[in-house]
Amino acid sequence: MINPQQQMSFVRIVQIEAELSQQLLNLLRQEFELLKSSPSKKLEELLGQKQQQLQQIEQSVLQHNQLLGSLGFTPDRKGTEAFIQQCPDNAALQEQWNQLTSRLEACQKQNEINGGAVQLNQHQVAHALDVLRGFANSDKTYGPEGESRPTSSSKSLGKA
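Take the sequence shown: its position 50, counted from the start at 1, is 50 in full-length UniProt numbering, and no numbers get skipped.
Here is the structure:
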């Protein structure tokens, strides 16, 4: 059985993780808004904030996993859920854990959306560069990773 002090330590860790994950989600949403507009200094600043947030989350997860490991639980989702089940009066902790996992899933989804926006921006820039170089869409082939590539014969604006 988990003692009250161990449970409170874990509750504090999960609370911190929930707060940090909410802050990360907010940053990811801000990042998406900036990605929809043109890249700017604000985006660079936000990327720095996001990196700091990820480092704080990593530190909290290390504490989370160390506490679980010290009590004989595996440092993963199953170990966390087993720990929660063994805590007396675990309803509040279970609710916090559910909120944390929901926020982490929202962060993952938002990060995937942001990644799609980045890829779209990269594609648009690549297309504009191809137009300037004189490549037509029919002059492209696909590489092993599925990315489009210009063929070796180009019609660059710089060639006569």
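For every residue, glycine included, the Cβ atom is placed at its ideal position computed from N, Cα and C.
What three-state label does DSSP hand residue i in the structure shown?
i, result
"Asp89", "coil"
"Thr74", "coil"
"Gly134", "coil"
"Ile2", "coil"
"Ala128", "helix"
"Ser37", "coil"
The ligand ATP and residue i: does any heavy atom of the ligand fall closer than 7 Å to the residue's C-beta?
i, result
"Gln124", "In the structure shown, the ligand ATP is absent, as is every other ligand, since no ligand is present at all."
In angstroms with no decimal places, state the Cα-to-Cα distance between residue i and residue j.
i, j, result
"Leu34", "Ala126", "20 Å"
"Ile84", "Leu93", "7 Å"
"Lys36", "Ala117", "7 Å"
"Gly158", "His123", "Any reading at Gly158 must be qualified, since the residue scores a pLDDT of 49, below 50, and its modelled position is unreliable; no value is offered."
"Ser40", "Glu31", "11 Å"
"Leu43", "Gln52", "14 Å"
"Leu25", "Gln119", "20 Å"
Under the rule that 16 or more other beta-carbon atoms within 10 Å means buried, what is residue i, buried or exposed?
i, result
"Arg103", "buried"
"Leu20", "buried"
"Arg77", "exposed"
Please say whether residue j and residue i have beta carbons closer to each other than 8 Å?
i, j, result
"Ile13", "Gln63", "yes"
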